[in-house]
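Numbering (my numbering), first residue to last: 1499 to 1767. Ideal Cβ placement from N, Cα and C applies to all residues, glycine included. Since the model is a prediction, treat every value here as computed from it, not as a measurement.
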DNA sequence: ATCCAGGGACGCG
DNA sequence: CGCGTCCATGGA
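Structure follows, in structure tokens:
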């Protein structure tokens, strides 16, 4: 087990931030997470966080995953103090992190997310993993990994509709096919240095539009300028930023600001 | 019942 | 390009 003391890090807030749909608070201050084919149990008491894994797994996998080496207080310090809305939002969600999740998993997950609510997205993703993911064991915990493209290719559109994916089933089938036949290369998308290039490539996938592409760029590729505009963010922009969001000021950190706003809208009061 | 949820494809003018 | 319309599903 690894024990570390961290600033601006809250498992509860990360869990409720809506980036990862397979993280659960299983008991008070105890969280379980399945990411890709990895399972992790964590506990937190104040700033002290316990990761139930080896040193190697922590350093190679979970440090980048949780963006642990980044200093989020410096992001918060950049917020215009006269922007009372954004200041309140960042204070509310000061412990969230921009996760670095698996690209393939984020593509499928955010295809499912469209015109859908978070609790139902969780259910859809979980059923998808149970039906097509590899069964794994970590200690005494059994879980299903997120299915890789080859395994998901076994699912027909009707199969996926049977799992409650609705009209998104066709997007999943078509996107899986274009990845498997090499039309779109995940490796290439990983290697693009510029956000606009990665986004441009993602937009070629069936069912991936502006918003979903931005979520994938932010939550998998860590392109911190991605600024996904969903229905909640749209309302905030219309109400608090009628002259546009201050993009210049927050260049290189637009994504985290978006997440502070998103978290605030879902969890305030 | 009606509305809404981390939207996007498609057709139309 | 900007705009309607349709697309499943379940909870409030």
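{"Query": "Which residue from 1599, 1550, 1629, 1557 puts its Cα closest to that of residue 1636?", "Result": "1550"}
{"Query": "Between the C-alpha atoms of residue 1616 and residue 1526, what's the straight-line distance to the nearest angstrom?", "Result": "21 angstroms"}
{"Query": "Tell me the DSSP secondary structure of residue 1526 in three-state form.", "Result": "coil"}
{"Query": "Ignore the nearest five residues each way along the sequence and tell me which others in residue 1781's own chain have a CB closer than 8 angstroms to its CB.", "Result": "Residue 1781 is absent from the model: the chain starts at 1499 and stops at 1767."}
{"Query": "Can you list, in chain order, the residues of its chain whose CB lies under 6 angstroms from that of residue 1713, leaving out five sequence neighbours each side?", "Result": "1608, 1726"}
{"Query": "Which value, in whole angstroms, describes the spacing of the CA atoms of residue 1702 and residue 1517?", "Result": "22 angstroms"}
{"Query": "Within 10 Å of its beta-carbon, does residue 1766 have 16 or more other beta-carbons around it, so buried, or fewer, so exposed?", "Result": "exposed"}
{"Query": "Pull up the distance between the alpha-carbon of residue 1669 and that of residue 1580, whole angstroms please.", "Result": "43 angstroms"}
{"Query": "Tell me the DSSP secondary structure of residue 1692 in three-state form.", "Result": "coil"}
{"Query": "Using DSSP with H/G/I as helix, E/B as strand and the rest coil, what is residue 1499?", "Result": "coil"}
{"Query": "Taking the alpha-carbon of residue 1651 as reference, which of 1535, 1673, 1619, 1662 has the nearest alpha-carbon?", "Result": "1673"}
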